[in-house]
Amino acid sequence: MTRTGKLLLLIPFCLPNGSLGGQGLDPALLTKPATDSWPTYAGDYSQRRYSSLAQIDAANVRHLSLAWVRRLTAGPSGGEGGVFGPPASPTITGGVAENPVTIPGSTSGSPRLSGSILQVNGILYVSSPDNAWAIDALDGHVLWHYWWKSRGGTHIGNRGMAMYGNWLYMETPDDYLVSLDAKTGTERWHKEIADFNQQYFSTTAPVVVGDHVLVGTGDDLDSPGFLQSFDPTTGDLQWKFYAVPMNKGDPGLETWASLDAARHGGAQVWMPGSYDPETHLYIFGTGNPTPAYTAMLRGPLDAHTNLYTCSVIAVNVDTGKMAWYYQTSPNDTHDWDATQPPVLVDGVFQGKPRKMVMQASRNGYFFVLDRINGEHLLTTKYSDAANWAQGVNAKGQLVRNPEKDNTVAGSLVSPDNGGATNWFPPSYDPQSGLFYVVLRELYAMYYLTNKDPRMLVGLGGSEQDVVGSLGTSIAAIDYQTGKLAWKYRFEGSGGGATGLLTTVGGLLFANDGVGSLVAFGLQGRKPPVPLWHAHIGSIENAAETYTVDGRQYVLVTAEGSVYAFYLQ
Amino acid sequence: MHARRRFPFVATAIIAFATSMCAPQSPAQVPPRTPQATQATARGNRPPDYPVRPPAPPEQVAHGEQLFRGNCSFCHGSDARGGETGPNLVRAQVVLTDQHGELITPIVQNGIPARGMPKFALSVADIAAIAAWLHSQPLSDRGAPSNLDILVGNAKQGEAYFNGAGRCTQCHSVTGDLAGIGGKYEPKTIQNLIVSGGAGIRLGRQPAGAARPKAPPPTVAVTLPSGQIVKGDLDHISAFVVALREADGTYRSFARHDSVPKVVVTNPLQWHIDMLPKWRDADIHDLTAYLSMLK
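This is the structure:
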């Protein structure tokens, strides 16, 4: 956009906050609500994605305009610049593969920028599978680019990086945790975090809490899920928490048909969690049980709930020990995990002050828990379409209707496999007390394709046909009652499932699914009003906001480019 | 519009006026991905995500299978996918990590007494052959073609539903638009068409046979402030713009400001959408049985 001569005059190290020494992240920032920086996955540990920045508000948002746009290229030639452009930036190469696997979006072409972007001291840190960039937040100039030569793995996405002092942390699809020097992009070390042979793949954003780098990973085969903590300086493993029973005597083993089933039971930790500094609890969701589409060998009986799959779990960050858990979907059979962001809210619930954690789960239900002890407070259905449960038990958990499992003849089920929601971040707005989430109300025919449960490994044994939809919406959930205050349905084929941001200025930023970032004016319990939009193509992540040089920016990605907006 | 180059199989708008897919997530993380069979085309020349083991010599694999049948299948099942007492070996972590029997050999030769596995006096070469056979087994049936018959419904009840409670005859006729449908499509396609009205998308394996009928697009009528009404097939709509194609193919778009101009979208598949929360699976199965008979 501003590819003009004046860019040439910019010295890459002339940063808003001055000295190179000031580039590091002050860890104290992490425990405060998101304001001038965006230092961790969700802006802050609460995952509210609510900003107290007020420069941009409902009255002036129609003057929001482009500050700059930076198109990025993945792979070995992924830097910026050249003879006729801005000064060239270096690409630093890492990775253990001698012959990297060729993957569009990783080794060449347009990257998928679905992760969060960190903004610390005026520098943006952007990541996509196998790629990372540092970008000047003032004008979009690329300072450095890092490319990881991949040995393969599922390259479905990258949720972002974490930062500790001057160091960045990124996971790679082929299961390494890489630490980079934030100033130069040079690699400090890389550590293998999961067994590639078992088809683990690592997409999530690490989260730094104190002297811990918390690292999850994913897997679509029948491998056990876990969360690990690494030393931010040395990269040494501090602890490893398995989300399924791995040995005789482990708690939860009685909820599996056998130890072998438990050890192959899934519960992947593939999304970043939240952190409560008061209790030192890191709270995260776990994935579905595996094999995903049949319970016959892992959970034939009611008692076989398959702990700790599809659960919200709190571990003490210092010890890696579980403090409590709450399972949202016992013995799931649809690959509807509970990895959606657990959002931390302090408020009054039924007249009593509570420290809560809330999740709008992939299965179409909304949960409120006490985050001190995991006490269940509320379960409600936020998807009108969801039709798979026959009821809610005394603990507030959903009870599956077996007729809505995958069947040979086919079952019409909502949500579809993608879920009522998925990875896309929700937002909680303390002004309205409402929890906003992108809601997908799709239906699919679910077919069982093999009657022999032993043949069903990982995601095998199911065929699904999406056959209709009631639409995609933003749902505003009142956590006091679990009822929807409003539901804003996107018109047409729209409904951007990439996440939300709210601000104290009464704004909600969302992807309308037909190419625009939209700023809605919030009106309390009345549906929001679209006030502003920018048509930038297929939006890839949730918008963020922060200030640089005293100005508030709104940042979002689309089609491999980063867009920064501000008030002209 | 989400049809991105790397995930074309997940991200396609499906019901013209009704929906959008979420951006691709991973499997456990995501909408299901197209199975290997079709993935190859969808992904162009992309290599598989995980390294494919180079095939072992067929005689070694055959030897390994023979040894497995004789020594191991009693507990682990004839196909190594688990038996009465022994676990599924094809997905076992040690087998996945093993390359040429080096990890399997000590287990076979020493047994695992704590778990009731005896030791076997097999040579390293024999165990390598067993390993070669194990490694030749497909890991998952994900994407494998299904041969199961989905026709469980009662065609007579399906016919009654078609002409009665289902009110299908409002729009359809078995001698008109649906004539011979049972000969054109496989039952699973017919079943999905019954629910979707033609706008569904298969996320799994594609059935053989004729391409599905193209669903009629939503139409839109835009009433301009002058009173003029512009009609056509809906191209796209947002809170800010509505775009259409007129009967002669002319593309027109209009800025929207609050309720001006007036926009009315009509989806010919609305009945199918309205039915989504109401269907009983048994009625769907019965209708499928009935329509599949119409050859």
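So the protein sequences, as listed, match chains A and B. Here the first sequence stands for residues 1 to 568, numbered as in our numbering. Here the second sequence stands for residues 1001 to 1295, numbered as in our numbering. Cβ coordinates follow ideal geometry from the N, Cα and C atoms, glycine included.
1) Within its chain, find whatever has a CB closer than 6 Å to the CB of Phe509/A; leave out the 5 residues flanking it on each side and keep chain order.
2) If we count Cβ pairs, one from each stretch, closer than 8 Å, do we get three or more for the segment 358 to 370 of chain A versus the segment 445 to 460 of chain A?
3) Would you mind giving the Cβ-Cβ distance between Leu1139/B and Leu221/A, rounded to the nearest angstrom? I have them listed as a contact below 8 Å.
4) Does the separation of the CB atoms of Gly218/A and Trp148/A fall below 7 Å?
5) Is the CB of Thr380/A under 7 Å away from at least one CB in chain B?
6) Rounded to whole angstroms, what's the CA-CA distance from Ser414/A to Thr421/A? Just pull it up for me.
7) Of all the residues that make up the segment 1139 to 1166 of chain B, which are near chain A by a beta-carbon distance shorter than 9 Å?
8) How would you call Pro1032/B, buried or exposed, if buried means at least 16 neighbouring beta carbons within 10 angstroms?
9) Terminal residues of the continuous beta strand (DSSP E) containing Ala485/A?
10) Using 7 Å as the threshold, is the C-beta distance between Tyr382/A and Ile477/A below it?
11) Against chain B, does His376/A count as a neighbour if the rule is that its beta carbon must be under 7 Å from one of theirs?
12) Under a three-way DSSP split, which group does Val61/A fall into?
13) Report the neighbours of Arg1212/B on chain A: residues whose CB is nearer than 9 Å to its CB, in chain order.
14) With a threshold of 16 other CB atoms inside 10 Å of the CB of Val554/A, please say whether the residue is buried or exposed.
15) With a threshold of 16 other CB atoms inside 10 Å of the CB of Pro1058/B, please say whether the residue is buried or exposed.
16) Go through its chain and collect everything with a Cβ distance to Leu1103/B's Cβ below 7 Å, but skip five positions before and after it.
17) For Thr1038/B and Asp26/A, what's the separation of their Cα atoms in angstroms?
18) Please report how far the alpha carbon of Val1241/B lies from the alpha carbon of Ala1255/B, in whole angstroms.
19) Once the 5 residues before and after Lys526/A are set aside, which same chain residues still bring their CB inside 8 Å of it?
20) Check whether chain A comes within 7 Å of Gly1204/B, counting only Cβ atoms and requiring the distance to be less than that.
21) Where does Met161/A sit, in a helix, a strand or coil, going by DSSP?
22) Taking Leu66/A and Tyr563/A to be in contact with their CB atoms under 8 Å, please state how far apart those CB atoms are, rounded to whole angstroms.
23) For Ala1239/B and Arg1053/B, I'd like the C-alpha separation in whole angstroms.
24) Quick check on Glu98/A: buried or exposed, where buried means 16 or more other Cβ atoms within 10 Å of its Cβ?
25) Nearest CA to the CA of Val504/A: which residue from Tyr546/A, Asp465/A and Leu517/A?
26) What number of angstroms, rounded off, separates the C-alpha of Ser274/A from the C-alpha of Leu398/A?
27) Report the CB separation of Ala314/A from Gly374/A in whole angstroms; it is logged as a contact under 8 Å.
28) Is Met271/A closer than 7 Å to Thr204/A when the C-beta atoms are compared?
29) Any Cβ of chain A within less than 7 Å of the Cβ of Pro1106/B?
30) For Thr569/A, which beta-bridge partners are listed by DSSP?
31) Under the rule that 16 or more other beta-carbon atoms within 10 Å means buried, what is Leu236/A, buried or exposed?
32) Which same chain residues, not among the five before or five after Gly1077/B, have their C-beta less than 8 Å away from its C-beta?
33) Just reading off the alpha helix (DSSP H) that Glu171/A is part of, what are its end residues?
34) Extract the residue ranges of the beta strand (DSSP E) inside the segment 268 to 331 of chain A, only unbroken runs of 3 or more that lie entirely within it.
35) Note the first and the last residue of the continuous alpha helix (DSSP H) segment covering Trp1271/B.
36) Could you tell me whether any Cβ in chain A is nearer than 7 Å to the Cβ of Ala1195/B?
Let me spell this out:
1) Excluding positions up to five away in sequence, the list reads Leu501, Ala519 and Ala543.
2) Short answer: they don't touch.
3) Indeed, because the Cβ distance is near 7 Å, the residues count as touching under 8 Å.
4) No, the Cβ-Cβ distance between Gly218/A and Trp148/A is not below 7 Å.
5) For Thr380/A, the answer is no, since every Cβ of chain B falls outside 7 Å of its Cβ.
6) Taking the straight line joining both Cα atoms gives about 12 Å.
7) Cβ contacts with chain A come from Leu1139, Ser1140, Asp1141, Arg1142, Gly1143, Ala1144, Pro1145, Ser1146, Asn1147, Leu1148, Asp1149, Ile1150, Leu1151, Val1152 and Gly1153.
8) Per-residue confidence for Pro1032/B stands at a pLDDT of 34, beneath the threshold of 50, marking its modelled position as unreliable; the derived number appears in the next sentence. For Pro1032/B, the number of other beta carbons within 10 angstroms of its own is at least 16, and it is reported as buried.
9) Here the beta strand (DSSP E) through Ala485/A covers Leu484 to Arg489.
10) The Cβ-Cβ distance between Tyr382/A and Ile477/A falls below 7 Å.
11) Interface flag for His376/A against chain B is unset, since no Cβ pair is found closer than 7 Å.
12) In the three-state reduction of the DSSP assignment, Val61/A falls in the helix class.
13) Under the 9 Å cutoff, chain A gives no residues; its nearest Cβ is about 11 Å from Arg1212/B.
14) Label assigned to Val554/A: buried.
15) Using a 10 angstroms sphere on the CB of Pro1058/B, the tally of other CB atoms stays under 16, which defines it as exposed.
16) In the same chain as Leu1103/B, and ignoring 5 residues on each side of it, the C-beta atoms closer than 7 Å to its own belong to Val1094 and Thr1097, in chain order.
17) Because the pLDDT of Thr1038/B is 35, which lies under 50, any placement of that residue in the model is unreliable, and the question is left without a value.
18) Between the C-alpha atoms of Val1241/B and Ala1255/B there is a straight-line separation of about 5 Å.
19) Closer than 8 Å at the Cβ level, and outside the excluded window around Lys526/A, lie Trp486.
20) Residue placement at Gly1204/B is poorly supported in this model, since its pLDDT is 47, which falls under 50; the coordinates still yield a value, given next. Against chain A, the CB of Gly1204/B has a partner CB under 7 Å away; the residue lies at that interface.
21) Looking at Met161/A - three-state DSSP - the assignment turns out to be coil, as it is neither helix nor strand.
22) About 7 Å; that satisfies the 8 Å criterion.
23) When rounded, the distance between both Cα atoms is 52 Å.
24) Around the beta carbon of Glu98/A, a 10 Å sphere encloses fewer than 16 other beta carbons of the protein chains shown; the residue is thus reported as exposed.
25) Nearest of Tyr546/A, Asp465/A and Leu517/A to Val504/A, Cα basis: Tyr546/A.
26) Between Ser274/A and Leu398/A, the C-alpha separation is close to 24 Å.
27) With 8 Å as the limit, Ala314/A and Gly374/A qualify as a contact, their Cβ atoms being about 6 Å apart.
28) Taking 7 Å as the Cβ cut-off, Thr204/A and Met271/A qualify as a contacting pair.
29) No, Pro1106/B does not count as interfacial toward chain A.
30) With chain A covering only 1 through 568, there is no way to say anything about residue 569/A.
31) It should be pointed out that residue 236/A corresponds to Asp in this sequence rather than to Leu. Result: exposed.
32) Answer for Gly1077/B: Gly1083, Gly1086 and Asn1088, listed in chain order.
33) Not the alpha helix (DSSP H): Glu171/A falls in the beta strand (DSSP E), residues Trp167 to Glu171.
34) For secondary structure counted as the beta strand (DSSP E) over 3 or more consecutive residues, the segment 268 to 331 of chain A holds these complete runs in sequence order: 274 to 276, 281 to 285, 311 to 316 and 322 to 327.
35) Under the DSSP assignment, Trp1271/B falls in the alpha helix (DSSP H) whose first and last residues are Gln1270 to Met1275.
36) According to the sequence as given, residue 1195/B is Val; it is not Ala. Closer than 7 Å: yes.
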